[in-house]
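**Student:** The structure's right below; bear with me while I get my questions together.
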Amino acid sequence: MLKSEDLDRVFHALSDASRRAMVERLVRGPASVSTLAEPHAMTLSAVVQHLAVLESAGIVESQKVGRVRTFQLVPGALEPAGGWIGGQRLPAERRLDRLGAHLDADG
């Protein structure tokens, strides 16, 4: 079971649009820092800071070969967040279904 602070780190990491874009790029496969930086109007240093947030949250991992640092997604890292979101959605949907049935019965 994922601890609350781990889930907080994942959601914090995903709260930034640039980091989400980097995760979306990494879905296609590993990429170097410079490749991940290409579509963003920011310095390599800023990109590295964003990647450090993702790595600290356990979403990505990196390895350095020579002067090139390559990042990849950690398999299954986003599943706990998806599970938590799904768990919140189902009760709300059931309440809306009951409200819809109630409104249909009255109408």
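Residue numbers for the sequence shown follow full-length UniProt numbering, so the first one is 1 and each next one is one higher. Glycine is no exception: its CB is placed at the ideal position from the N, C-alpha and C atoms.
On the criterion of 16 or more Cβ atoms from any shown chain inside 10 Å, does Arg-89 qualify as buried, or is it exposed?
**Tutor:** exposed
**Student:** How is Thr-43 classed by DSSP in three states: helix, strand or coil?
**Tutor:** coil
**Student:** Would the C-beta of Val-60 count as close to the ligand FMN, meaning under 6 Å from any of its heavy atoms?
**Tutor:** This structure lacks the ligand FMN, and indeed carries no ligand of any kind.
**Student:** What is the DSSP secondary structure of Arg-25, reduced to helix, strand or coil?
**Tutor:** helix
**Student:** Just verifying my parser: in three-state terms, what is the DSSP assignment at Leu-51?
**Tutor:** helix
**Student:** Looking at the unbroken alpha helix (DSSP H) that takes in Arg-9, where does it start and where does it end?
**Tutor:** 4 to 14
**Student:** Is the number of C-beta pairs between the region 17 to 36 and the region 46 to 60 that are closer than 8 Å three or more?
**Tutor:** yes
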